[in-house]
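Residue numbers (UniProt numbering), protein chains in the order written: chain A, 1 to 238; chain B, 1 to 238; chain C, 1 to 238; chain D, 1 to 238; chain E, 1 to 238; chain F, 1 to 238.
Input: a single structure, listed below in structure tokens.
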């Protein structure tokens, strides 16, 4: 039995709230159960130096946790003077996932930066960030289309992500913190709306996992991501 | 006429939402018009090295702006590797203001850290932070009282803050961003419930200000802070 | 009775020594009692990137304390790898105060940087820095006028600063360290030669201060600043 | 046809040279084709602060590339003042992989740090690091066993790693740099001698990858890792 | 002919002013011509962690240049966030030179830190720092002797330093900046009162130097250091 | 008797292996006994900003020790976030020594960077770095000559370096670690093939050294450097 009483293949309640803040070109608060991440997409009409003159844009991401988004207070990275390895790893993952569905030539010479700031953490913050960041990026791109700055939508697919894992010997979908901190295996899966993989990152926390366990986890992830993509589409249709 | 059509002595709508996140001992979202700051108060059962063995506690604060809380995206301080001068100045001000109403001996050997993170900025983020942080600190101290860790409330007064300034030659209360960025004089005032001053920080942005202008500004601040303290009391009474 | 036997409205002996070092365009050693600050004004024929092409200049300041300017040795900021919050706060204050009396358009596309380095500290280092930096800036601007690089003096007023505070329940002028470290209220006031305010920064260290106390402090500050401006003028007339 | 003329399921020539340097408790130069990584395992008789008194040890890793291990010179991380995100991500992966086969209680209160420094890079440096680090760690643990500091070998399995990917639409094993930089999908797989997974990290570089492609890649990885484990065992048997 | 009209074997005018600032245990302003360095010696009753329990003390030094001690303004190291290589090299040299004449056991478990801050630079700042720091250290040790904290003077010799070089093909003593910036060879020599060498650091700036040139430079250095030691003794005798 | 049984004027066995890695324009592994340093010379077709438009190139160097090149593990500088004073001092010395034999005008507007990374340390790493870096730089310059990018060889001399010292009261050549850590005086000498000095850096570790000791040390150094230059020439002739 999962601590949350959910079925093994059951997502937490997802809500995706658009236009959450007023300044960003795209602003989404995504809640996956008690995990809440604010995803703000910003458009800047410039490119990094190494892309200058190449006729293409860039999509990047930054990730942060508010110091008290977690059960005990974490030191503020700005105050410690550097971002930790986990933070850098996560923001690189978010950015790669978003770029997998964007035609950077069609975007033109501009940068989309999606800031994913965790307001409240209860497991799965990096996958919630990806799922929310996609919606924020869509809204930001829409401002470009409406303003006539680009003619064709450079976003050519949908991307969402979920965590799966083996908890008390059973494969489960969408781990919350009590599960995550006791899981034997933890896997983050990023997929597109074609049902194909963009990222698969599985880690044995306790014992190493078998090929059949891996397969069960991927089945669960695929089911969950289908539902998340539906939630994204519903939010964007509002 | 003010851009927001407010009277010169009129505050923006204030809302103070307690228990905004689930982990912090005190968690408050304060909104002053479009300015929204999340104030999380954390209690840690330790003291900084320089206070060890002195039989007293400490109250401190940290301040940050989400990169896209502002009209154009600001670089993330964690990524730039240091907190800017403005950030350090503000968090020092918040902490001093809170300590002005706390008996650190009565708090005992523990630290209260209030994290003030600006979700959306429209002027007056530092004063909103102080007003909200006070409520979060009260909630955090209440957990200590309820748990029997302290017997007497170490908080011996109420503290709130507001900005005032001279906009188009007229003294106005509670500047929003369009006013703030064009003000000739900008003043942040922190007061307690006895009507006395904890901090007064006035800066001439355009021409230097006269003694009578200073007096008008302090009158406005006092009126505004009275209303803010009422809002704090109402929120704490819920 | 004040530790220094001064009257409540009495400044410490001020001396302003120009041409203190040989390389800077303006170089002033200001002594306010035992507080000694070396203020070197440098002119550079360039502007920061964000001012390029705007046809105006900039005035900035940096502040530092020699490690043993104080009673016990402080760590060297260069060695610790960053400037502390207090340092950043002070150098921002000095720079704002100087800019309040300079027409940046008339200065032309160049930067004046005033380095204020505390040789010996006995309270009031930030206000002494402002008072001394003004004189150093005047000397630096004079080199521009003499060289014919600018035709009209961009400095359109005089700026000086002093601290006031409540010590043993009495308002006093120009606190030295023994007073400063025991003051109930500490206020730094920056004014121009028109008797108007450029900055007012008051902090309750002990109990909160009343409106009438604030008024007494401002009266003292005004008296002190008049005398400091006279000392600046005398020094510049030599 | 692969640039190196290898079959799709063919590893590069592997060599594992023990006792490569004279100071480290375990010192291994691993070569996978032209990729050469020096893996030095150090034992320190202390534990990190957060493990003190828990009766267990720790295994960690650091990773670096010599500035000219690559085709064009990379800036030195020590000189830039921080380790990049890729570096932190890799050293976290190496350390997790090693810990998956070590009983930290049986290790006792000491740290094993494996430094993986890339002398020459031609793709697959992180997986070569893991494979080589395992052998260095074994040698380091042997010094403990020989010295009688521990009685039972805390290493309870073998760990090795390899990269697989889709190059020109075909799944291939052990990508070199010309393949890696053009691969559509790149996957790093870490397994133990039981044929189970410790880490699976797959990234779509070009198009997203299908479930059957994932399966082919895992088959290749399993074959390659079996051969690498044989190479490790042969090296350790010398 | 030297720019300063000095003879080739002539020092600049040296002055050593003790008790220059009021807080440090030893405080010396040394002037060698236009080069002025403030040397403050501080005593702290603690030892660095790596010396704890070894029954000995330590002597260290820090060096800094005020930003406008030089002809054109240098960036402030505290603001750039790190000390440059030249700074670190110089402060290591000063500290080694001082330790060469101190019995660290006899000093007891305390640290002497000598801060050498260049007020005005005209060549030879590192050698002036050593010569001045020695006198400041003597004064600091005298406070220990007077306070009865140590019984025997741990300083067992005198140390002074001077620069020599080859300027326009001729060996000269005590280079000022115009000479230093055009010298073909620049050498810093540190000696004790026994006429023996503590440090010799010679660098060919233009052509490599011959053995006979080296010998002439050492002769000049010895003459200069004898005179500097006399100046130190005279200052200490006042 | 020296720990290594060498005669006082005997170098350790030197080997200079060219083309050690495959990417760098010049790549040399130099071994001086058990000290092994990898010297990679890189050419970049750009100049630092301060040399732009001056029609000349630059030669620079970086130095690092692998964390376990030493007897006990040293912290990784990249991880600590800065290069230590010793590292900066050494890389400045290597670069100055190389520049002493290069005509920077003849090099043209390009940078040669020589990375000296210590694989295994047993004393004398900085002098081995200089001797090896010279050979790597020659190979890098040869790629420019072969490619017709420059017509005349900008290297106009040979440079090599060795350490000498006073060990158990006797002057000895080429100290290994057991000697170095017990030497009373340690001197690093850099010379060219004309027998002239480029750098002389002598430090008294125990007692101060006499003029006649200095002379003996220089004699030893000259003998050693002659042999090292022969080894360099032999390596380059292969």
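C-beta atoms are modelled at their ideal positions from N, C-alpha and C, and glycine is treated no differently.
Query raised in the report: List, in order along the chain, the chain B residues whose C-beta lies closer than 7 Å to that of residue 85 of chain C?
Result: Within chain B, the residues near residue 85 of chain C are 88, 89, 92.
Query raised in the report: Which first and last residues belong to the beta strand (DSSP E) in which residue 36 of chain A is found?
Result: 35-44
Query raised in the report: Name the residues in the segment 207-234 of chain B whose C-beta lies less than 9 Å from a C-beta of chain A; which are they?
Result: none
Query raised in the report: At least one CB of chain D closer than 8 Å to the CB of residue 36 of chain A: is that the case?
Result: no
Query raised in the report: Apart from the five residues on each side of it in sequence, which residues of its chain come closer than 6 Å, Cβ to Cβ, to residue 56 of chain E?
Result: 104, 105
Query raised in the report: Is the beta carbon of residue 98 of chain E less than 8 Å from the beta carbon of residue 59 of chain E?
Result: yes
Query - Assigned exposure category for residue 137 of chain C - 16 Cβ within 10 Å defines buried - result: buried
Report task. Kindly identify the DSSP beta-bridge partner or partners of residue 173 of chain C. Result -> Answer is C:164.
Requested in this report: From the DSSP output, in three-state form, read off residue 66 of chain A for me.
Outcome: Residue state, collapsed to three classes: coil.
Query raised in the report: Residues bridged to residue 58 of chain D by DSSP?
Result: Residue pairing for residue 58 of chain D: DSSP places it in a beta bridge opposite D:111.
Query raised in the report: When the Cα of residue 75 of chain C is compared with those of E:74, E:206, E:63, which residue comes out closest?
Result: E:63
Query raised in the report: Can you pull the DSSP bridge partners for residue 159 of chain E?
Result: In DSSP, residue 159 of chain E forms a bridge with E:192.
Query raised in the report: Between residue 198 of chain B and chain C, is there a C-beta pair that is closer than 8 Å?
Result: yes
**Report entry** Spatial distance of residue 219 of chain D from residue 9 of chain D (CA atoms)
**Finding:** 9 Å
Query raised in the report: Do the segment 171-178 of chain A and the segment 157-168 of chain D touch if we need at least three Cβ pairs shorter than 8 Å?
Result: no
Query raised in the report: Mind pulling the chain F residues with CB within less than 9 Å of residue 62 of chain D?
Result: 67, 76, 78, 79
Query - Which residues DSSP lists as bridging residue 204 of chain A, in chain order - result: A:185
Query raised in the report: What separation, rounded to the nearest whole angstrom, lies between the Cα atoms of residue 61 of chain E and residue 95 of chain E?
Result: 5 Å
Query raised in the report: Would DSSP call residue 132 of chain F helix, strand or coil?
Result: helix
Query - Those residues which DSSP pairs with residue 18 of chain D across a bridge - result: Bridge partners of residue 18 of chain D: D:28.
Requested in this report: Measure from the alpha carbon of residue 141 of chain E to the alpha carbon of each residue in E:32, E:45, E:15, E:222, then state which is nearest.
Outcome: E:45
Query raised in the report: Hey, is residue 139 of chain B close to the ligand ATP, as in C-beta under 7 Å from one of its heavy atoms?
Result: Because no ligand of any kind appears in the structure shown, any question about the ligand ATP cannot be addressed here.
**Report entry** Per-residue burial, residue 89 of chain B [other beta carbons within 10 Å of its own, 16 or more giving buried]
**Finding:** buried
Query raised in the report: Just by C-beta distance, which residues in the segment 42-54 of chain C are closer than 8 Å to chain E?
Result: 42, 44
**Report entry** C-alpha distance - residue 209 of chain A paired with residue 130 of chain D, whole-angstrom precision
**Finding:** 18 Å
Query raised in the report: residue 22 of chain C CB to nearest chain E CB: under 8 Å?
Result: yes
Requested in this report: Throw me the rounded Cβ distance for the residue 84 of chain D and residue 77 of chain D pair, which I believe falls under 8 Å.
Outcome: 7 Å
Requested in this report: Report the rounded CA-to-CA distance for residue 203 of chain E versus residue 117 of chain E, giving the unit in angstroms.
Outcome: 24 Å
Query raised in the report: What residues from chain E crowd round residue 115 of chain C, counting only those whose CB sits closer than 9 Å?
Result: 66, 67, 68, 73, 76
Query raised in the report: Using 8 Å as the limit for Cβ to Cβ distance, is residue 147 of chain A near chain D?
Result: no
Query raised in the report: So, does the CB of residue 112 of chain A fall closer than 8 Å to a CB anywhere in chain B?
Result: no
Report task. To the nearest angstrom, report how far apart residue 187 of chain B and residue 215 of chain B are at their CA atoms. Result -> Cα to Cα, residue 187 of chain B sits roughly 12 Å from residue 215 of chain B.
Report task. Report yes or no: is there a C-beta of chain A within less than 8 Å of the C-beta of residue 82 of chain B? Result -> yes
Report task. In angstroms with no decimal places, state the Cα-to-Cα distance between residue 29 of chain D and residue 235 of chain F. Result -> 25 Å
Requested in this report: Give the DSSP-derived three-state secondary structure of residue 277 of chain F in the structure shown.
Outcome: Only positions 1 to 238 of chain F appear in the structure, and residue 277 of chain F is not among them; the question remains open.
Query - Amino acids of chain C, ordered along the chain, whose beta-carbon sits closer than 9 Å to that of residue 119 of chain E - result: For residue 119 of chain E, the chain C residues whose Cβ falls inside 9 Å of its Cβ are 20, 21, 38, 117, 119, in order along the chain.
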